[in-house]
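Engineer: Before I ask anything, here is the structure I am working with.
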Amino acid sequence: MAEERFDFREAEPRWQRRWDEEGIYKVERDPSRPKFYALAMFPYPSGKLHMGHVRNYTIVDVIARYRRMKGYNVLHPMGFDSFGMPAENAAIQHGANPAVWTRENIAEMTAQLKQLGYSYDWSRAVYTYREDYYRWTQWLFLQFYKKGLAYKKTAPVNWCPSCQTVLANEQVEDGRCWRCDSLVTKKDLSQWFFRITQYADELLEDLKLLEGGWPEQVRIMQQNWIGRSEGARVEFTLEATGDKIPIFTTRPDTIYGVT
Numbered sequence: 001m002a003e004e005r006f007d008f009r010e011a012e013p014r015w016q017r018r019w020d021e022e023g024i025y026k027v028e029r030d031p032s033r034p035k036f037y038a039l040a041m042f043p044y045p046s047g048k049l050h051m052g053h054v055r056n057y058t059i060v061d062v063i064a065r066y067r068r069m070k071g072y073n074v075l076h077p078m079g080f081d082s083f084g085m086p087a088e089n090a091a092i093q094h095g096a097n098p099a100v101w102t103r104e105n106i107a108e109m110t111a112q113l114k115q116l117g118y119s120y121d122w123s124r125a126v127y128t129y130r131e132d133y134y135r136w137t138q139w140l141f142l143q144f145y146k147k148g149l150a151y152k153k154t155a156p157v158n159w160c161p162s163c164q165t166v167l168a169n170e171q172v173e174d175g176r177c178w179r180c181d182s183l184v185t186k187k188d189l190s191q192w193f194f195r196i197t198q199y200a201d202e203l204l205e206d207l208k209l210l211e212g213g214w215p216e217q218v219r220i221m222q223q224n225w226i227g228r229s230e231g232a233r234v235e236f237t238l239e240a241t242g243d244k245i246p247i248f249t250t251r252p253d254t255i256y257g258v259t
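Mapping the sequence shown onto full-length UniProt numbering, position 107 (from 1) lands on 107, and the numbers just tick up by one.
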């Protein structure tokens with residue numbers, strides 16, 4: 001008698017539809033159970049998942065499922081980083097309307113994620129291009145501004161001429177854009193800053209809470225982002241005019257060699 005083979009192509013869509021219809025991962029409030037929140041860094045809607053996505057989301061899904069088995073009420077949503085120049089530039093390159101392009105790609109990637117069987121509560125999906133999301137980022141910015149914690153100045157940035165957008169240092173790989181591989185240039189840009197350094201001591205102190213639980217390189221990266229530097233403020237007086245030039249140095253003992 002021939003061995004009966006499992007037809008996964010028939011079984012998977014059938015059960016995925018069933019999970020969708022019954023909302024088995026939809027989360028309701030339950031004060032009687034401990035809460036656990038699991039959110040992976042959600043993707044840019046390129047239209048196609050790659051193995052990096054699968055690796056990251058599988059790890060977080062395993063954690064979410066483990067916590068459910070331990071009795072936690074787990075909130076595990078998904079979302080799409082779909083607001084900004086990268087999405088608009090990609091749409092233009094494909095001759096498409098940015099809004100239509102973004103929505104179609106999100107639909108395609110949502111279907112791909114559902115095929116992978118992850119335990120997402122899709123009723124709580126986050127879409128950063130929608131007003132019901134970005135209105136709150138605007139609200140948060142206004143709170144910083146009102147408190148004097150947001151200010152504007154011109155400063156150099158990493159600029160990708162192809163993506164037409166600013167890149168963080170971590171997004172520059174060997175002088176090239178991590179997304180499109182174009183050469184990155186330096187450009188002076190008028191931009192907004194937050195006075196994070198006012199809270200540097202508190203932020204650095206709290207990083208100690210991550211010791212032993214987070215990778216050392218991640219803690220160092222956060223420490224560098226916070227950017228506290230201990231040193232001295234020194235003023236140089238110009239002989240010709242008497243004007244003063246203030247500088248900051250972490251090695252005041254070396255200024256005697258200044259010429």
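Glycine included, each C-beta is placed from N, C-alpha and C at the ideal position. None of these values were measured; they are calculated from a predicted model.
Name the residue from 194, 195, 172 whose alpha carbon lies nearest to the alpha carbon of residue 185.
Structural biologist: 172
Engineer: Along the chain, which unbroken stretches of the beta strand (DSSP E) at least 3 residues long are found entirely within the region 45 to 97?
Structural biologist: 73 to 75
Engineer: Name the residue from 196, 229, 80 whose alpha carbon lies nearest to the alpha carbon of residue 145.
Structural biologist: 196
Engineer: From which residue to which residue does the alpha helix (DSSP H) around residue 134 run?
Structural biologist: Its alpha helix (DSSP H) spans residues 131 to 146.
Engineer: Indicate the three-state DSSP secondary structure (helix, strand or coil) for residue 201 in the structure shown.
Structural biologist: The answer is helix: DSSP assigns residue 201 an H, G or I state.
Engineer: Does the region 20 to 38 come close enough to the region 62 to 82 that 3 or more CB-CB pairs lie under 8 Å?
Structural biologist: yes
Engineer: Below 8 Å, how does it come out for the region 20 to 32 and the region 111 to 130: are there three or more Cβ pairs, yes or no?
Structural biologist: yes
Engineer: What residue from 42, 116, 6, 228 has the CA that sits closest to residue 17's CA?
Structural biologist: Ranking the options by Cα distance to residue 17, first place goes to 116.
Engineer: How about residue 108 and residue 47: do their beta carbons lie closer than 7 Å?
Structural biologist: yes
Engineer: Anyone know if the C-beta pair for residue 85 and residue 143 falls short of 7 Å?
Structural biologist: no
Engineer: Check this for me: beta carbons of residue 209 and residue 222, under 7 Å apart or not?
Structural biologist: no
Engineer: Can you give the Cα-Cα distance for residue 97 and residue 203, rounded to whole angstroms?
Structural biologist: 42 Å
Engineer: When you compare the CB positions of residue 215 and residue 188, do they come within less than 7 Å of one another, or not?
Structural biologist: No; because the gap between Cβ atoms is not below 7 Å, this pair is not in contact.
Engineer: From residue 228 to residue 219, what does the alpha carbon distance come to, in whole angstroms?
Structural biologist: 14 Å
Engineer: Can you check whether the CB of residue 53 is closer than 7 Å to the CB of residue 260?
Structural biologist: Examination of residue 260 is not possible in this model, given that the chain is present from 1 through 259 alone.
Engineer: Spatial neighbours of residue 237 within its chain, please: C-beta separation below 7 Å, excluding the five flanking residues on both sides.
Structural biologist: 244
Engineer: Ignore the nearest five residues each way along the sequence and tell me which others in residue 252's own chain have a CB closer than 8 Å to its CB.
Structural biologist: 231, 232, 234
Engineer: Just to confirm the assignment, what range does the alpha helix (DSSP H) spanning residue 13 have?
Structural biologist: 8 to 22
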